[in-house]
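**Student:** Numbering-wise, the numbering used here comes out as the position in the sequence shown, counting from 1, plus 287.
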Amino acid sequence: MSSARARGADPAAASALDGVLADGARGAVSGLAARFLTHPMDTLKARAQVRGARGAVARAEGGRTRAVGLYKGFGAVAALAPLASGAYFVGYESGTRWFGTSASASAATGMWAQALAGVVYTPMDVIKERLQTQDVLGERARMGRYRHWVDAARVIAREEGARGLFRGYWAQNFVWWPWSAAYFAIYERSRVALESSGGEASPMVSAVSATAAATAATTLTHPLDLAKTRLQTMRFETTTSASLREVLRDVFKREGARGLFAGAGARVAAVAPGSAISFGVYETLKQSGW
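1) On the DSSP letters alone, give me the boundaries of the alpha helix (DSSP H) that S372 sits inside.
2) Does the region 545–563 come close enough to the region 494–504 to have 3 or more Cβ pairs within less than 8 Å?
3) Compute the beta-carbon to beta-carbon distance between L547 and V558, rounded to the nearest angstrom, for a pair I have assumed lies under 8 Å.
4) Assuming P465 and T571 are in contact, meaning their beta carbons sit under 8 Å apart, how far apart are those beta carbons, in whole angstroms?
5) Residues bridged to M491 by DSSP?
6) Closer than 8 Å by C-beta to E416: which residues in its own chain qualify, once you throw out the five before and the five after it? Chain order, please.
7) Quick one, are the C-beta atoms of A371 and V407 less than 9 Å apart?
8) Within the chosen definition, does the region 472–479 reach the region 383–395 through at least 3 CB pairs nearer than 8 Å?
9) Just how far apart, CA to CA, sit D329 and G576?
10) Which residues in the same chain as F386 place their Cβ atom closer than 6 Å to its Cβ, once the five residues preceding and following it in sequence are excluded?
11) Are the beta-carbon atoms of A398 and A468 separated by less than 9 Å?
12) Hey, out of E447, R322, L403 and R522, whose CA is closest to G425's CA?
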């Protein structure tokens with residue numbers, strides 16, 4: 288990428304800009320690939336989270352969960368995930384350069400990457416999860432039925448404003464900040480331990496490290512993610528602006544500790560391979576000079 292240099296910009300600034308653009312482009316491609324392959328499991332996760340611990344995964348589509356139904360909400364992902372994932376990897380690369388690769392520095396890198404990406408991930412998740420869960424929630428859904436993701440975005444913006452599209456923004460950060468902190472701390476340590484040559488990590492090493500890190504981080508943060516999903520998709524009986532703490536307390540009271548981990552298996556099955564695919568593709572593109 289040399290567009291910045293072609294305009295006669297300062298060489299150092301141009302090089303830095305080209306690096307950011309390359310990081311973003313690789314992140315966009317790798318993130319979309321991972322999302323496409325894991326979206327069905329993500330749909331099952333979202334439906335299980337709103338149904339509760341005792342419910343079947345999803346009795347949608349007239350009593351059946353059709354294959355096409357598992358891709359509900361993917362239009363929003365296809366439109367927004369490349370931008371969000373690109374921002375995430377820009378944060379990852381810049382954070383690694385700024386903070387280093389120690390355990391504490393890796394945690395800071397993860398939080399920084401999430402801070403950049405969360406601005407895009409939040410409206411994407413709101414739209415995606417409402418489409419994924421509207422057949423399960425019925426009258427407990429926040430709004431009426433949406434035909435597709437553009438319709439959902441338009442209705443949410445009209446009826447709820449920007450606040451509706453960014454509902455759960457802080458809840459999202461409270462889920463993914465600790466996830467990112469745990470993930471990158473484990474990922475960097477695993478990658479160093481597995482890389483025998485001492486050079487750049489191979490795509491396979493990155494994929495294995497990402498799987499291990501994502502499994503641990505996803506399990507630890509699942510109750511928070513469950514509460515976030517319910518905040519973004521459900522209408523509550525007592526209030527229209529429940530907090531993350533209130534939702535967690537309500538779930539524990541009504542469904543017990545088991546309820547806090549409803550859909551945890553599906554979430555691990557989506558996030559762990561998704562992280563492996565994303566980081567594996569990213570490292571492959573990076574090492575190929577793309």
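Even glycine gets a Cβ: it sits at the ideal position worked out from N, Cα and C.
**Tutor:** Answer, in terms of the structure:
1) Counting from one through the sequence shown, the residue named residue 372 turns up at place 85. From DSSP, the alpha helix (DSSP H) with S372 extends over F361 to F386.
2) yes
3) Here residue 547 refers to the residue found at position 260 of the sequence shown. Here residue 558 refers to the residue found at position 271 of the sequence shown. The C-beta distance from L547 to V558 rounds to 17 Å, too long to fall under 8 Å, and the pair is not in contact.
4) What you label residue 465 is simply residue 178 of the sequence shown in a count that begins at 1. What you label residue 571 is simply residue 284 of the sequence shown in a count that begins at 1. Not really, about 29 Å apart at Cβ, beyond 8 Å.
5) As a working mapping, residue 491 is identified with position 204 in the sequence shown. Note: M491 sits in no beta bridge, so no partner.
6) For this step, residue 416 is matched to residue 129 along the sequence shown. For E416, where only same-chain residues beyond five positions count, the Cβ hits under 8 Å are A333, G360, T516, Q519 and T520.
7) As a first step, residue 371 is located in the sequence shown; it is residue number 84 there, counting from the start. As a first step, residue 407 is located in the sequence shown; it is residue number 120 there, counting from the start. Between A371 and V407, the C-beta spacing is below 9 Å.
8) yes
9) To locate residue 329, count along the sequence shown from 1; it is residue 42. To locate residue 576, count along the sequence shown from 1; it is residue 289. Near 32 Å, if we compare the C-alpha coordinates of G576 and D329.
10) Here the question's residue 386 lines up with position 99 in the sequence shown. Excluding residues within five positions, the ones whose Cβ falls inside 6 Å are A392, A395 and T396.
11) Within the sequence shown, the letter at position 111 stands for residue 398. Within the sequence shown, the letter at position 181 stands for residue 468. Correcting the residue type first, residue 398 is Met in the shown sequence and not Ala. Closer than 9 Å, so yes.
12) Numbered from its first residue, the sequence shown carries residue 425 at position 138. That would be R522, whose Cα lies nearest to the Cα of G425.
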